[in-house]
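Here's the structure, in C-alpha cells; my notes come after.
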Amino acid sequence: MTAVLDIHDLHTHFHTKNGLVKAVDGVSFYIDEGEIIGVVGESSCGKSETMLSVVQLIQTPGEIVSGEVIFNGKNILQYQANSPQMRAIRGGKISFIFQNPMKSPNPMLRVNRQMTEILELHLDMDKEAARERSIELLKMVGVPAAEERIDDYPHQFSSSMRQRIMIAMALSCNPKIIIADEPTTAVDVTTQAQLLELMKDLVTRLNTALVIVTHNLGVVARYAQRVYVMYAGRIVESGSSESIFANPRHPYTIGLLHSVPVLGEKRGTRKLIPIYGLPPALINMPETCAFLPRCTYKTKKCEQDPWPALRQVDENHYISCYVDIRETS
Amino acid sequence: MNTSDNNTMIEVSNLKMYFPITRGLLRRKVGEIKAVDDIDFVIRKNETLGLVGESGCGKTTTGRCILRLYNPTSGTINFDGTDISAIPERKLKPLRRHMGAIFQDPYGSLNPRQRAGNIISEPLKVHHMATKTELNDRVAELFRLVGLDPDLLDRVSGEFSGDQRQRIRIARALACQPSLVICDEPISALDVSIQAQIINLLEELQETLGLTYLFISQDLPVVLHISHRVAVMYLGRIIELASSEELYENPLHPYTQALLSAIPVPDPIAERIRQCIILRGEMPNPAAPPPGCHFHTRCQRAIDECSVARPPLKDVGGGHYVSCIRV
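If you read the protein sequences in the order shown, they are chains A and B. For the first sequence, position 43 matches number 43 in this note's numbering, and the numbering has no gaps at all. For the second sequence, position 171 matches number 171 in this note's numbering, and the numbering has no gaps at all.
Structure below.
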C-alpha cells in the first residue's frame with residue numbers, strides 16, 4: 001500500500017495577543033489509500049487545526065510555520081494557499097465534512113447551487129450535467145425525492161439530511177481523501193450510526209481514504225483501522241486500533257479510556273477514574289511534556305527533559321512518553 | 001405500576017404536556033405538539049432514575065414539568081405526598097426549595113458577570129435559609145462540597161473553566177438542601193476527561209447527602225452507569241423502563257435494542273462482532289405522530305396491529321416495563 005497523504009513535522013502557530021499558541025506542534029502522520037483512520041483528542045488539542053493546515057485553510061493570526069504535506073508525491077505546502085494547484089486539491093482531491101451543521105451547508109444558498117458549483121469548478125461540467133450528477137449523488141446518500149428537493153434550501157432539511165448533503169458534496173469530485181471533522185457530534189446516536197455506516201460503505205466502495213476526527217473513542221474503535229491520539233498540539237500515541245485499545249501505553253490514552261463509562265459494566269462495580277486537572281491553555285508552553293501536570297505516572301526524568309519524540313514500543317505502535325506503563329506496572 | 005408509599009419521592013401519573021402551535025396575528029391554534037404524552041413513573045427516595053431518548057423525545061419537558069416550570073396540560077405529579085401539578089405559585093414556593101435543578105445550557109444558565117458567591121447565595125436569600133452572618137459560611141461550605149476553593153468566591157463566573165462552572169451550578173442546586181435534583185444533560189458540554197470528575201461528584205453527593213436524582217441525558221453509557229433504573233422515551237412516551245442492568249442485558253423494546261446497538265464501544269475486537277441495528281428513516285414530526293405505537297414506522301418487527309392502538313406499558317416481571325405488543 002502507498003500513502004496518499006504523508007505529513008512530516010507540521011507546525012502551525014497562532015500569534016495571539018496573549019502569546020504564541022503552538023496549535024500544531026510537530027505532527028506527522030500518513031494515510032494509506034482507501035484507509036480509515038481516527039484522530040482522537042479533546043477540544044483545543046489541535047486536531048482540527050492539523051486538518052485545516054493540510055489544505056491551507058489556516059487564517060491569520062494563524063500561520064503554517066513549517067513541515068511537509070506530501071500528496072501524490074508532491075509537497076503541497078509549497079503552493080500558495082490561493083494558487084490554482086491548491087484550489088484544485090482543496091475540495092477536489094481532498095474534501096471536508098465540517099462539524100457545524102448550522103453553517104455548513106451554507107444556509108443562504110439552495111442545495112442545487114452549492115452542489116453544482118463544486119462540479120462546475122473542479123470537473124468542468126456544464127449546468128445540466130452538474131445537476132444530473134448532483135441528483136445522482138443525493139440519491140446515493142439516501143436523500144428521498146432528490147429531483148425535487150435539490151432546489152430546497154438547507155433549512156428545509158432535517159439535521160441528519162443536511163449531514164447527508166455534506167457527505168454528498170464531499171464525495172462529488174471523487175476525492176482521494178475525505179476529512180470528516182466531528183461529523184456526528186451534533187446528531188443523535190441512532191442518526192450517528194446511520195451516517196457513519198453510510199460513510200463507511202461509500203468510502204469502501206469508492207476506495208477513498210477517510211479521516212475521522214472525533215472525541216468519541218467508541219466511533220474510532222468501530223470504524224478506524226489506525227488511530228492517532230492528540231494532546232496539546234502533538235500526537236502522543238499512534239498505532240493500529242486493536243493495539244491501542246487493547247494495550248494503551250501513553251498515560252493520556254489510558255486516562256481517557258478509564259474515564260468513560262462503557263456499555264455493559266454493572267452499576268457500581270467500577271468508579272470512573274477521571275484525569276485530574278485541565279488541558280493546558282497552549283500559550284507559552286514549557287518545554288516539558290504538556291501532560292505532565294495531569295500525569296499519574298510521571299518520573300524525575302519527565303520533569304527535567306523536554307517532551308519526548310514518538311518512539312516505537314510495539315509493532316506499529318508508537319508513544320511519546322519516557323515511561324512505558326507496561327514495564328512499570 | 002404506581003404504588004405510592006413512604007419510599008416514593010416523585011410519582012408521576014398520566015402526565016401530559018401539550019404545546020399549542022399557533023398561526024397568524026390572532027395566534028389561532030392550529031395544532032398541538034404532544035411533548036409529553038401520558039406518562040407514568042415513580043422515583044424512589046435516594047434513587048437515580050435515568051431518562052434517555054433522542055432530542056425532541058420530551059425528556060427535558062418532563063423534567064421541567066416536575067419542577068413546575070411548565071404547567072402540565074393534565075395529570076398529577078406527587079412530590080413527597082403533595083400533588084404539585086396544579087397548585088398555585090404561592091403554595092409552590094415553599095416546596096421549590098426541596099427541588100434543585102442543573103440545567104442543560106452551559107452558557108445561558110450562569111450569568112457570566114455575576115460573582116460565584118452571589119450565584120450560590122441567591123437561592124438561600126430567596127428562601128430565607130440563612131441569616132446574613134451565616135450566609136458567607138454556608139456559601140463557602142457549599143463551595144468546598146463541590147470541590148472548589150472558597151478563595152475563588154469573588155470571581156465572576158465567566159472566569160471559571162467549563163468544569164468549574166458545572167460545579168458552581170451543582171453548588172447552586174444544592175444550596176437549599178433539596179431532596180430531589182433534576183440533572184438535565186449535566187455533562188454533555190464537557191470534555192471527556194472532565195466528565196468523569198462531574199459524574200463521580202454527583203455520585204458522592206448522592207451518597208453523603210442522600211439525594212434523589214432524575215438524570216436526563218442522551219448518553220446511554222453514562223445514564224446506565226449512574227442510574228438505578230432507566231426510562232427510555234420516544235416521541236413523548238415512555239416505551240421501556242427497567243433497572244439499568246436489566247435494560248442493558250435484556251432490552252425488550254425494538255427501539256431500546258436499536259439505541260443500545262448504535263452506541264459504539266471503545267473496543268475494536270468487540271466491535272467486529274457487534275451487530276448494529278440501523279433504523280430506517282428519521283423520528284416522525286412530533287406535531288403529527290403516527291397512530292398506534294409511535295415507533296412502528298421505523299420498527300423492524302412492526303405488524304399491522306401496531307398502527308391501531310397505543311401499546312400499554314406492561315409489566316413483564318421484576319420491575320421491567322415495556323410498551324410493545326410484540327413482546
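C-beta: ideal position from N, C-alpha, C; glycine also. Since the model is a prediction, treat every value here as computed from it, not as a measurement.
Listed in chain order, the non-local C-beta contacts of residue 191 of chain A below 6 Å within the same chain comprise 160, local neighbours out to five positions each way being set aside. Looking at the DSSP output, residue 51 of chain A bridges to nothing. Here residue 268 of chain A is exposed, its C-beta having fewer than 16 other C-beta atoms within 10 Å.
Judged by their CB atoms, residue 236 of chain B and residue 36 of chain B are nearer to each other than the 7 Å cut-off.
Residues of chain A with a Cβ closer than 8 Å to the Cβ of residue 242 of chain B do not exist; the shortest Cβ-Cβ separation is about 12 Å. Residue 128 of chain B is outside the set of residues whose beta carbon lies under 7 Å from a beta carbon in chain A.
Collapsing the DSSP output to three states places residue 243 of chain A in a helix.
Taking the beta carbon of residue 191 of chain B as reference, the chain A residues within 8 Å of it are 42, 43, 215, 279, listed in sequence order.
Annotation: the continuous alpha helix (DSSP H) that includes residue 195 of chain B extends over 192-209. Residue 228 of chain B sits in coil when the DSSP states are folded into three classes, being neither helix nor strand. The alpha-carbon of residue 50 of chain B is positioned some 18 Å away from that of residue 318 of chain B. Taking CB atoms only, residue 272 of chain A has a neighbour in chain B less than 7 Å away.
DSSP places residue 244 of chain B in the uninterrupted alpha helix (DSSP H) bounded by 244-249. Here residue 221 of chain A is not near residue 280 of chain A, since their CB atoms are 7 Å or more apart. When DSSP states are grouped into helix, strand and coil, residue 150 of chain B belongs to the helix group.
A Cβ of chain B is located within less than 7 Å of the beta carbon of residue 188 of chain A.
If you check the CB distance, residue 115 of chain A and residue 169 of chain A come in under 7 Å.
Per DSSP, residue 7 of chain A lies in no alpha helix (DSSP H) segment; the continuous beta strand (DSSP E) that holds it begins and ends at 3-16. The contact set of residue 193 of chain A on chain B, defined by CB atoms closer than 9 Å, consists of 258, 261, 262, 263, 264, 276, 277, 278, 279 in chain order. Taking a cut-off of 8 Å on C-beta distances, the segment 256-268 of chain A does not touch the segment 13-31 of chain B, as fewer than three cross pairs fall below it. DSSP, reduced to helix, strand and coil, places residue 98 of chain A outside both helices and strands of the structure shown, so it counts as coil. Under the rule that a run must span 4 or more residues, the alpha helix (DSSP H) segments found entirely inside the segment 106-152 of chain B read 116-126, 132-145.
Not a single CB atom of chain B sits nearer than 7 Å to the CB of residue 134 of chain A. The alpha-carbon of residue 139 of chain A is positioned some 16 Å away from that of residue 206 of chain A. Residue environment analysis places residue 43 of chain A among the exposed positions, since fewer than 16 neighbouring C-beta atoms fall within 10 angstroms of its C-beta. Contact check for residue 117 of chain B and residue 145 of chain B: beta-carbon distance about 14 Å, past the 8 Å limit, so the pair fails to qualify. For a Cβ distance threshold of 7 Å, residue set 264, 271 of chain B lies close to residue 222 of chain A, ordered along the chain.
Take the alpha-carbon of residue 96 of chain B and the one of residue 67 of chain B: they are about 8 Å apart. The Cβ atoms of residue 285 of chain A and residue 41 of chain A lie no closer than 7 Å to each other.
Taking 4 residues as the shortest admissible run, the segment 20-78 of chain A contains the following complete alpha helix (DSSP H) segments, listed from N- to C-terminal end: 47-54. For residue 183 of chain B, the pairing in a beta bridge is given by DSSP as B/102, B/215.
At a Cβ-Cβ threshold of 7 Å, residue 181 of chain A and residue 99 of chain A count as neighbours. For residue 241 of chain A, the nearest CB of chain B lies under 7 Å from its own CB, placing it at the interface with that chain. Using a CB distance cut-off of 7 Å, residue 248 of chain B counts as an interface residue toward chain A. Secondary structure note for residue 312 of chain A: its beta strand (DSSP E) is the uninterrupted segment 311-314.
With respect to chain B, the C-beta atom of residue 259 of chain A has a partner C-beta closer than 7 Å.
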